[in-house]
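Peer 1: Residue numbers (the numbering used here): 1 to 479.
#1: Can you tell me the Cβ-Cβ gap for residue 133 and residue 245, rounded? I've got them flagged as a contact below 8 Å.
#2: Name the one or two DSSP bridge partners that residue 402 has.
#3: Is the segment 217–231 touching the segment 300–313 in the sense that three or more CB pairs, one from each, lie closer than 8 Å?
#4: Going by DSSP in three states, residue 167 sits in which element: helix, strand or coil?
#5: Would you please state the rounded distance, in angstroms, between the beta carbons of residue 480 and residue 28? I believe it to be under 8 Å.
#6: So, are the CB atoms of residue 356 and residue 182 less than 8 Å apart?
#7: How far does the alpha helix (DSSP H) with residue 451 in it reach, from first residue to last?
#8: Give every residue of the same chain whose Cβ lies closer than 7 Å to the Cβ of residue 403, excluding the five residues on either side of it in the sequence, and list them in chain order.
#9: What does the alpha-carbon distance come out to for the pair residue 479 and residue 292?
#10: I'd like the list of long-range same chain contacts for residue 351, defined as Cβ closer than 7 Å, with 5 residues on each side in sequence excluded.
#11: Among residues of its own chain, excluding the 5 on either side of residue 418, which ones have a beta-carbon nearer than 7 Å to its beta-carbon?
#12: Could you check where the alpha helix (DSSP H) with residue 99 kicks off and where it finishes?
#13: CB-CB under 6 Å to residue 235, same chain, minus the five flanking residues each way: which ones, in chain order?
#14: Only counting the same chain, and skipping five residues up and downstream in sequence, which positions put a Cβ closer than 6 Å to that of residue 32?
#15: In angstroms, rounded to a whole number, what distance separates the CA positions of residue 214 and residue 165?
#16: Quick one: what does DSSP say residue 192 is sitting in, helix, strand or coil?
#17: Only counting runs of 3 or more residues, tell me where the beta strand (DSSP E) segments fall wholly within the segment 229–310, in order along the chain.
#18: I need the DSSP call for residue 225, collapsed to helix, strand or coil.
#19: Tell me which residues share the same chain as residue 450 and place their Cβ nearer than 6 Å to its Cβ, disregarding the 5 neighbours each side in the sequence.
#20: Give the secondary structure of residue 141 by DSSP, where H, G and I count as helix, E and B as strand, and everything else as coil.
#21: Whose CA, out of 296, 423, 206, 340, lies closest to the CA of residue 333?
#22: Classify residue 76 as buried or exposed, calling it buried when 16 or more other Cβ atoms lie within 10 Å of its own Cβ.
#23: Can you tell me whether residue 342 is buried or exposed, with buried defined as 16 or more other CB within 10 angstroms of its CB?
#24: Can you name the start and end residues of the alpha helix (DSSP H) that residue 202 belongs to?
#25: Name the two residues that bound the continuous beta strand (DSSP E) containing residue 558.
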């Protein structure tokens, strides 16, 4: 019997699980995929929004501003890269100028701080010289920031596990049945856990999970957004996140540096029906490239290293769906943008809901919220690296030449919660395979390390779990 079962190990589920382990509660995290951060968390804009976009009075507005205030210290405690670089919403005409004034007023109503209207092109250029020729005005949000969302999620879940939470992967919830003390949560392959409270953080599937306890008050539709990632040689093209004026489908295409030094372009917005369709399209990529060129001058798209797509969990309500549904069940559903920005505040809010429902939240004296950064080794001074290499020579053996990731870092990642079991899991934790060749050279070596450390046959190593095998046995007698 667990006290809390969190369904979904994305950045919201991770934040909630970590928050729950601050108290004397037994916590289990249930994730349908083979690793954490496999949904919207691994494919989004990686922006900590300042809080000017959401409609005043909504949960989005309240939790965005609170989350933005918390995020810098939250990321530092978890050892996650964070950069308060600021953001610009750029305008091209008088209609946009009016929209920017409305966004400014909305932000002030939400309690967002350090917002400035830049009324002339000269004022915009003084802040961001990289904008394109057509830009004539902007809203400057000095508190806008960037972060690595999947790194944040892994740190949250890892911290929760370090503090006693249990992570169950490949647990595809198909039934939630009321029991005498709470709920029995069952998976499609017959596994089950029992918990007094269930917290639904299932992303695009959160409406399905809610329906298992009879809540059909909302639906969640997938909204696909495509992105283009450019090499680090383009990472200095701008020093701020550059948005364009928002539309009914979202905040629009952005151009932003990443915390790892790349340049990220996107997303578009396409409402689709398939909650698993995260493929890219030639039309979508061409569209975001065209809009990006209108915002930022001189982008060299020949430096593109990959493209990808993510699915936003768009709720029918137009707002986050967070609340106690019935005794023992809480929704954290429909968490689209600014969900990443709101994550630490959502976790706080869930704790408030539990306390309001009569759950005793006794703080643990032994809770440890600190995490060593996953990237700590590469940031050490040469003298410190050499001291480690003397004891552990594998840190001198470079596996990924694009990102200069060593065998020692990969081994350490395999032994650190939440533990990876496939090549993409290593990629997200160490950046091995995230450079120009996208794993073309290092993937075979990573596969060998995984097989050795996890005591697997090399033929069992997968790219991303499931049936994504990368090595096939050769049929005897045939090539």
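Think of the CB as a built atom: it goes at the ideal place given N, C-alpha and C, for glycine as much as any other residue.
Note that this is a predicted model, so its numbers are computed, not measured.
Peer 2: Result, derived from the coordinates:
#1: The sequence position of residue 133 within the chain shown is 133, counting from 1. The sequence position of residue 245 within the chain shown is 245, counting from 1. 17 Å between Cβ atoms; not a contact.
#2: Position 402 of the chain shown, counted from the first residue, corresponds to residue 402. Answer by DSSP bridge pairing: none, since residue 402 is not bridged.
#3: Counting Cβ pairs under 8 Å, three or more are found: they touch.
#4: Residue 167 sits at position 167 when you count from the first residue of the chain shown. The answer is strand: DSSP assigns residue 167 an E or B state.
#5: Residue 480 falls outside the range modelled here, since the chain spans only 1 to 479, and no answer is possible.
#6: Translated into the one-based positions of the chain shown, residue 356 becomes position 356. Translated into the one-based positions of the chain shown, residue 182 becomes position 182. Not a contact, by the Cβ cut-off of 8 Å.
#7: Along the chain shown, read from residue 1 onward, the residue named residue 451 stands at position 451. Per DSSP, residue 451 belongs to the alpha helix (DSSP H) from 443–454.
#8: Start at 1 with the first residue of the chain shown, and residue 403 comes out as number 403. Closer than 7 Å at the Cβ level, and outside the excluded window around residue 403, lie 431, 432, 434, 435.
#9: Indexing the chain shown from 1 puts residue 479 at position 479. Indexing the chain shown from 1 puts residue 292 at position 292. Because residue 479 carries a pLDDT of 44, less than 50, the predicted location of this residue cannot be relied on, and the following value inherits that uncertainty. Residue 479 and residue 292: Cα-Cα distance of roughly 47 Å.
#10: In the chain shown, the residue the question calls residue 351 occupies position 351. Around residue 351, the same chain offers 19, 361 as residues with beta carbons nearer than 7 Å, after the five sequence neighbours per side are excluded.
#11: For the purposes of this step, residue 418 is taken as residue 418 along the chain shown, with counting starting at 1. Answer for residue 418: 36, 154, 157, 158, 161, 167, listed in chain order.
#12: Working through the chain shown from its first residue, we reach residue 99 at position 99. It spans 94–110 - the alpha helix (DSSP H) in which residue 99 sits, taken as one unbroken run.
#13: As a first step, residue 235 is located in the chain shown; it is residue number 235 there, counting from the start. Counting only Cβ-Cβ distances below 6 Å, and skipping sequence neighbours, we find 257, 261, 262, 263.
#14: Numbered from 1 along the chain shown, position 32 holds the residue referred to as residue 32. Here the set comprises 172.
#15: Residue numbering aside, residue 214 sits at position 214 when the chain shown is read from its first letter. Residue numbering aside, residue 165 sits at position 165 when the chain shown is read from its first letter. Approximately 28 Å between the Cα atoms of the pair.
#16: On the chain shown, residue 192 is found 192 positions in, with the first residue counted as 1. Strand, per DSSP.
#17: 241–244, 254–257, 263–266
#18: Numbered from its first residue, the chain shown carries residue 225 at position 225. Residue 225 falls in the strand class under three-state DSSP.
#19: If you number the chain shown from 1, residue 450 lands on position 450. The residues are 461.
#20: One-based indexing of the chain shown puts residue 141 at position 141. The three-state reading of DSSP puts residue 141 in strand, counting E and B together.
#21: Working through the chain shown from its first residue, we reach residue 333 at position 333. Of the listed residues, the one whose Cα sits closest to residue 333 is 206.
#22: Within the chain shown, numbered from 1, the residue matching residue 76 stands at position 76. That one is exposed.
#23: Locating residue 342 in the chain shown gives position 342, where the first residue counts as 1. Within a 10 Å sphere around the beta-carbon of residue 342 sit 16 or more other beta-carbons, which makes this residue buried.
#24: Translated into positions along the chain shown, residue 202 becomes position 202. First-last for residue 202: undefined, no H or E at that position.
#25: Residue numbering for the chain in the displayed model covers 1 to 479; residue 558 lies beyond these limits and cannot be assessed.
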